[in-house]
Each structure stands twice: as structure tokens, then as C-alpha cells.
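Visitor:
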Amino acid sequence: MNEYETIIEGMRFGVSKHMMDRHFTVLWANKYAYELTGNTRDGFRSRYHNRVDEYYSEDSGTFAYVTKRIEDAYRNRKECYSFECPMRPNRGKVAWIRMNGRFTGEVYQGSPVMWNVFYDITDSHREQEELKVKSELLDSEIEKAEQMIQWTTGFLAELNSEIRTMANIIVGMADVAEACIDDPAKCEECLEKIVQATRRLRTKVGNARRMFRQEAG
Numbered sequence: 003m004n005e006y007e008t009i010i011e012g013m014r015f016g017v018s019k020h021m022m023d024r025h026f027t028v029l030w031a032n033k034y035a036y037e038l039t040g041n042t043r044d045g046f047r048s049r050y051h052n053r054v055d056e057y058y059s060e061d062s063g064t065f066a067y068v069t070k071r072i073e074d075a076y077r078n079r080k081e082c083y084s085f086e087c088p089m090r091p092n093r094g095k096v097a098w099i100r101m102n103g104r105f106t107g108e109v110y111q112g113s114p115v116m117w118n119v120f121y122d123i124t125d126s127h128r129e130q131e132e133l134k135v136k137s138e139l140l141d142s143e144i145e146k147a148e149q150m151i152q153w154t155t156g157f158l159a160e161l162n163s164e165i166r167t168m169a170n171i172i173v174g175m176a177d178v179a180e181a182c183i184d185d186p187a188k189c190e191e192c193l194e195k196i197v198q199a200t201r202r203l204r205t206k207v208g209n210a211r212r213m214f215r216q217e218a219g
């Protein structure tokens, strides 16, 4: 291993050289690149024949995504490309990598050649996903709070209107009763309406308390 390779290995970067054929055949890769796949160099060669599509045979969606990103960059005459994608090492866990690639301008056996440098971003990707989930939960709680505020505002406005109406009935009936103090039948009728309005008012307030407790719970 030369000095350059020693530095690369120490930085925990995977480095690989590929043909841009339908397999993205590996022409060369450093030790850490193979480790990220969960294989040794010999193991990857014997199991996948140095073909990236065979490595992703059980995850065709990811391979299609990788292919599209690289082919789009090449078609648009870009020198480089960069993206994130998952890898599924033999140890069973999904690892996420940041892939940075460059087209060399070389052609090997009729296919363009490219270099890739990639590294493990699993921890930061997991943290981003956790942050995303927390952010979505927060947004959901904020939306619920806003809906609660809107409901409360409307409910209180309606309740206030009904209370004013019943209060006006009570005051009005009290005025009538006072004016008809010498008419027992009229006074009794007014008092009955005052009692009914008071009961309705008490019921409204009680229902409001229960509804607020339910919404808050």
C-alpha cells in the first residue's frame, strides 16, 4: 500500500473505479470500500463478480436510483455527481453513504470510466430522520393547538351570545314581574320563565366545562 492509499484508508473513505456499463462493474476499489458493502475484496468478487447491480439484486429500487443519478449527470455533461443512498451489508443493518463521483473521460472496453469516493453517514442520516419525525410531530401538535384555538374562539362567541340572550330574558322577566307586582298570575309566569332561563344557563355552562375538559384531555 502506497502513502496515498494509507492516507485514504485512515480517513475511512471508500474509493472505487467503475465502468459505466449496465453492471457498473468495479475495476478497482480500496479495502474500506469493500468493508462498507460488508464483504472482503475476494468475497465481493466471488459473490457478485465485481458487479454493482448484482450486489443490489435484492434492492432494485436503490440501484435504479443510483443508475438514474449517474446517467443523468453523464447525459447533461456534468463532470461530477453527488447523492446519498443505502447499502445493505452482510451484517444485516442498512448503512447510508454519501457518494461523490467523477467521470474521468477515459473509455475502457467501450464504456466510460468513473471514480467514486464515498463514506458512511448512517449516524447523521438517522439523526436527520429522528429530527424529521420530531418536527412532523411538533407540526401536528401545533396544528391541533391552532384548531383548538379556532374551536374555542367560535364556541366562546356562541356561548357568550346565548348567555346574553338568556340574561336579557331574565332581566326582562324581572322587569315585567316588578311592573305587575299586583298581578300574582303574571308574576308567577315571569318567575317561571326566569327559572327556566336560569336552568338553561346553568346547563350551558356545565356543558361548556365538560367540553373543555374533553378537548383538553
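For the sequence shown, this note's numbering assigns the number 219 to the last residue and increments by one with no breaks. Beta carbons: idealized from backbone N, C-alpha and C, even for Gly.
Which stretch, first to last residue, makes up the beta strand (DSSP E) that contains I99?
Guide: A97 to Y110
Visitor: Excluding five sequence neighbours on each side, which residues of the same chain lie with their C-beta closer than 6 Å to the C-beta of G2?
Guide: Coverage of the chain is limited to positions 3 through 219, which leaves residue 2 absent and any answer about it impossible.
Visitor: When we look at the beta-carbon of T155 and count the other beta-carbons within 10 Å, is it buried (16 or more) or exposed?
Guide: exposed
Visitor: For S62, list the residues DSSP reports as bridge partners.
Guide: Beta-bridge pairing links S62 to no other residue.
Visitor: Which residues mark the beginning and the end of the alpha helix (DSSP H) in which H127 is found?
Guide: It spans T124 to A181 - the alpha helix (DSSP H) in which H127 sits, taken as one unbroken run.
Visitor: With DSSP as the reference, label K19 as helix, strand or coil.
Guide: Residue state, collapsed to three classes: strand.
Visitor: Output the distance between the C-alpha atoms of V28 and N78, rounded to the nearest integer angstrom.
Guide: Taking the Cα positions, V28 is about 23 Å away from N78.
Visitor: Less than 9 Å separating the beta-carbons of M168 and L203?
Guide: L203 sits close to M168, with the two beta carbons spaced by under 9 Å.
Visitor: Could you check whether M22 and E72 sit closer than 9 Å to each other, using their CB atoms as the reference points?
Guide: Reading off the sequence, residue 72 comes out as Ile, not Glu. Result yes, Cβ atoms of I72 and M22 sit closer than 9 Å.
Visitor: Give every residue of the same chain whose Cβ lies closer than 8 Å to the Cβ of E60, excluding the five residues on either side of it in the sequence, and list them in chain order.
Guide: The beta carbon of E60 is closer than 8 Å to those of R90 in its chain, skipping five residues each way along the sequence.
Visitor: Quick one: what's got a C-beta closer than 7 Å to Y50's C-beta in the same chain, skipping five residues either side?
Guide: E56 and Y57
Visitor: Look at A75 and F120 and say whether their C-beta atoms are less than 9 Å apart.
Guide: no
Visitor: So, for I196: in the same chain, excluding its five sequence neighbours on each side, which residues have a beta-carbon less than 6 Å away from its beta-carbon?
Guide: I172 and M175
Visitor: For N118, name the three-state secondary structure that DSSP assigns.
Guide: strand
Visitor: Between the C-alpha atoms of V68 and R53, what's the straight-line distance to the nearest angstrom?
Guide: 14 Å
Visitor: Which residue or residues does DSSP assign as beta-bridge partners of S84?
Guide: N102
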